[in-house]
Structures are given as C-alpha cells and as structure tokens.
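Participant: My questions all concern the structure below.
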Amino acid sequence: FAQLYYSRWRTLQLPWRKSFFRGFDLDGNKYFESHNPLNPAKFRRTVKYVHDGHYTDNNVTPQWMSWLRHTKKDAPTLDELYAEVARIHSTRQNAQLVHQRWEDEKQRLAAPQQD
C-alpha cells in the first residue's frame with residue numbers, strides 16, 4: 022500500500038506540494054524533487070534515507086547518484102536497478118571462477134614435475 026501511495030499520489034505535481042516523489046531504490050530510500058528558489062529552471066533533488074542517523078551507512082546506487090547530480094534526466098526504474106544487481110552478481114561469480122582457476126594453476130605449477 023505504501024508503494025502504491027508513493028508511486029501514484031505523491032508523484033502528482035499539485036500546486037500546494039513543496040516536493041514531488043520521483044522514486045525509491047531497492048533499500049527503501051525515497052527520492053524527491055522540489056522547486057529551487059536560486060535557480061527556477063532546475064529542480065532541487067534530494068533523498069530521504071530509510072535509516073537516517075549520524076552513524077548509519079547510507080549507500081546510494083550509481084543510477085540514483087547520477088540522477089541526484091543532474092547527470093541523468095529521468096529517475097532510474099526498478100528494472101534498471103534489478104539489472105544492476107544481476108550484473109554485480111554475475112561479475113562476482115565470474116571473479117570467483119577466475120580466482121579459482123588462478124589458484125589451480127598456481128598449485129599445478131608448484132607441484133613437482135615427474136617425467
């Protein structure tokens with residue numbers, strides 16, 4: 022219900038709203054745009070962290086970071102975020118396979134040669 026509320030109702034750009042919901046990431050952080058009084062042509066982009074505190078580890082994905090810094094025009098979709106998670110997982114698996122092959126090769130070279 023909360024995701025439906027944020028995805029439908031909070032995204033409407035109603036005149037009395039100060040900020041507009043633009044999306045959320047897989048950790049549950051919420052991203053907003055609001056009017057920028059210093060530069061009316063550009064919106065101000067902010068994030069509201071799930072665990073907001075002084076000593077928390079708040080990680081923002083590169084897709085959302087590029088949106089926050091106005092490098093990317095549109096907010097990332099959930100499909101993009103899931104694709105990034107799958108890419109990271111496959112890269113880690115490939116790295117483990119390469120590491121295992123390297124360890125096997127080191128053991129093979131270290132073994133005494135028998136002729």
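In my numbering, the protein residues as written are 22 to 136. All C-beta atoms in this analysis are idealised placements derived from N, C-alpha and C, irrespective of residue type, glycine included.
Output yes or no for whether 9 Å exceeds the beta carbon distance between residue 83 and residue 105.
Facilitator: Contact: yes.
Participant: I'd like the span of the alpha helix (DSSP H) that includes residue 103, first residue to last.
Facilitator: Counting along the chain, the alpha helix (DSSP H) containing residue 103 begins and ends at 99-131.
Participant: Taking contact to mean 3 or more Cβ pairs, one atom from each stretch, closer than 8 Å, check whether the stretch 57-67 and the stretch 107-115 are in contact.
Facilitator: With a cut-off of 8 Å, the stretch 107-115 and the stretch 57-67 do not count as touching, because too few Cβ pairs lie within range.
Participant: Anyone know if the C-beta pair for residue 46 and residue 81 falls short of 9 Å?
Facilitator: A contact, by the Cβ cut-off of 9 Å.
Participant: Have a look at the DSSP bridge pairing and note the partners of residue 67.
Facilitator: Its beta-bridge partners are 53.
Participant: When you compare only the Cα positions, how much space is there between residue 73 and residue 86?
Facilitator: Answer to the nearest angstrom: the Cα atoms are 17 Å apart.
Participant: Sorted by chain position, which residues of the same chain lie with C-beta nearer than 7 Å to residue 96's C-beta, five sequence neighbours on each side aside?
Facilitator: The residues are 43, 44, 52 and 88.
Participant: From what residue to what residue does the beta strand (DSSP E) around residue 43 run?
Facilitator: Counting along the chain, the beta strand (DSSP E) containing residue 43 begins and ends at 40-45.
Participant: Starting from the Cα of residue 94, find the closest Cα among 39, 64 and 41 and give me that residue.
Facilitator: It is 64.
Participant: For residue 83, which three-state DSSP category applies?
Facilitator: Note: residue 83 maps to helix in three-state DSSP.
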